[in-house]
Amino acid sequence: MKKENFYITTTLPYVNAPLHMGHALELVRADTIAHYKKLIGYDVYFNTGTDEHGIKIYEKAKENKIAVQDFVDKGFETFKEQLKMFGMSKDVHFIRTTDKHHEIAAQEFWKIVSQNGYIYKKNYETKYCIGCESEKTDSELENGECLDHPGVKVSLISEENYFFKYSAFENKLLDFYEKNPNFIIPDFRFNEIKSFIKNGLQDFSISRLKSKMPWGIEVPNDGDHVMYVWFDALTNYISTLGWPDNLENFEKYWINGNPTQYCGKDNTRFQGAMWQAMLIAAGLPNSHQIVINGFITGDGGIRMSKTLGNVVDPRDIVKEYGIDALRYFLLREVSSFEDSPFTIERFKNSYNSGLANGLGNLVSRIMTMAVNYNVKLSEEDLKTGYYTNSVEDLENFDINKFVNNIWFNIKNLDEYIQKEEPFKKIKIDEEKARKDINYLLFHLYGIASLLEPILPETSQKIKDLIKENKKPEQPLFLRKE
RNA sequence: GCCGGUAUAGUUCAAUGGUAGAACAGUGCACUCAUAAAGCACAAAAAAUGGUUCAAUUCCAUUUACCGGCACCA
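Numbering (the UniProt record's numbering) for the first sequence: 1 to 481.
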């Protein structure tokens, strides 16, 4: 039978800074969905990678006195190492916006959109703060002054830029949304973007003078300009598939793979509208779904920031508690769509109750009985698939709810042991006690199966213990005080 | 300012036009297979005002508080 295909991607983080908790959330969630789809038999293409162009990266490299290419190469290696720390699938595909084939794809994309009449040149006024020596957006200004340099009026710099005819896509986007009522998840984000578009779209600038921003992809047939972020970065979602050369992969995963994009809520507009308009402009099919995460905040919903000192680094969590502990918290405790706080205290509470006292302890108590009384699962029991039910939540990207249900099963087994007391029964009615333990093993194996996309490492450990009829040598998750 | 949303136990979240459920934290009991774990029990909640209704936490309106969006910021 021919396998069905599935494509999923994260956004590409900037290569010049370490990944924060929000990145970890997006990556781990996309990984979970990718893993789940593989389990139910899909041929999955999972994309992530790094955005490596732009003035900030260029300047940072200069500041560190190294060649820009070396700087981004190093950043990319760091990125890959961090993905390992998040327990990502090994078969994830990486795209770098400095990859040669990506650069060619971005230029080809530009050419097509230009041929279709959606790119034109016009004068563009940017606001420039002499103090910062950089361009500013309106949202960065107050009363026409940059916040870091009050009293210094920003100056207006005029230059010729290429523009994308975004304004031509109002109705096309609204039509597309109308036909795809689940295009953006959750629906309140969908409403936001709809009302944004109904307020009217303005064309936006898509190039910069190369003399001012040397580190970027050249605009086709115009060596004086490089692409500004949009046409460069957003096209990664198809260049990773080999577009425009490898149309086989493109057809398989983009056209027939329900391309699904995870992103944070600050990216709603870019992924949900801008990129979609660009695809229409290029005559290419739209994404299938955009799934939008909330933010990870500090306690009380306030923003994480260095000055407040409430930043939790995902790498520190992994170092102290392990990969699956981080994944557990992100996938179970963080709301699937709303903002959620991440504090060490919350994390520790959740770790102790859910992983140490919950799952870890359950594995210990069941395996001890199974080993002591030598109860093993039959080959047939080991083959039973657990992915027939209860996956609706995953299909709706409500991972949070899915994981909660697994923990409901864990609780049920604890209650079962307490009620049936096989450890007592074994002295009175051995056959019945062995049946109980078999039941427990069977359902524990089921829990391990459900956990496969959530906590891949732990899932494998539990399955091995059951198959080999062994107790864990050390607690799966040591209680932390 | 405009548009949208939210307000339920100490905390994070449910359900519901007619007894408001759970998890974590708390208190107590009790068990020993297990990581001083798990189990059982107890305690604990509808922002305010008004309206519709036999009946409102639920529907409607107003007020208050908070959150999100309102463009070139990944």
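Heads up, the beta-carbon is just placed ideally off N, CA and C, and yes, glycines get one too. Note that the structure is predicted; figures quoted are calculated from it, not measured.
Runs of the beta strand (DSSP E) spanning 3 or more residues and lying entirely within the region 79-113 occur at 93-96, in chain order. Residue burial annotation: Lys100 is exposed, with fewer than 16 other C-beta atoms found within 10 angstroms of its C-beta. For Thr235, DSSP assigns no beta-bridge partner whatsoever. Less than 8 Å separates the beta-carbon of Lys60 from that of Asn16. Contiguous alpha helix (DSSP H) elements confined to the region 374-441 occur at 379-383, 392-395, 399-420 and 422-428, taking only those with 4 or more residues. Cβ contact annotation for Ser211 (same chain, cutoff 8 Å, sequence separation greater than five): Asp224, in chain order. Beyond the five residues adjoining it in sequence on each side, Asp398 comes within less than 7 Å, by CB distance, of Ser336 in the same chain, given in chain order. Put simply, the region 66-77 does not touch the region 184-203. Fewer than three CB pairs are less than 8 Å apart. In the structure shown, Glu125 adopts extended strand secondary structure according to DSSP, grouped into three states. Beta-bridge partners assigned by DSSP to Ile296: Ser340. According to the DSSP secondary-structure assignment, His225 is paired through a beta bridge with Leu209.
Residue burial annotation: Glu103 is buried, with at least 16 other C-beta atoms found within 10 angstroms of its C-beta.
By the Cβ-count criterion, Ile428 is exposed, with fewer than 16 other Cβ atoms from all chains shown falling within 10 Å of its own Cβ. For Val291, the three-state secondary structure derived from DSSP is strand. Classified as exposed, Ala67 has fewer than 16 neighbouring CB atoms from the shown chains inside 10 Å of its CB. In the three-state scheme derived from DSSP, where H, G and I count as helix and E and B as strand, Glu159 is classed as strand. In this structure, Lys38 is the residue among Ala106, Leu478, Thr126 and Lys38 with its C-alpha nearest to the C-alpha of Asp91. Straight-line measurement puts the Cα of Gly322 at about 35 Å from the Cα of Thr235.
Under the three-state reduction of DSSP output, Asp313 falls in the coil class, being neither helix nor strand.
Following the DSSP letters along the chain, one finds Val44 inside the beta strand (DSSP E) bounded by residues Asp43 to Thr50.
DSSP places Ile323 within a helical segment (H, G or I) once states are collapsed to three.
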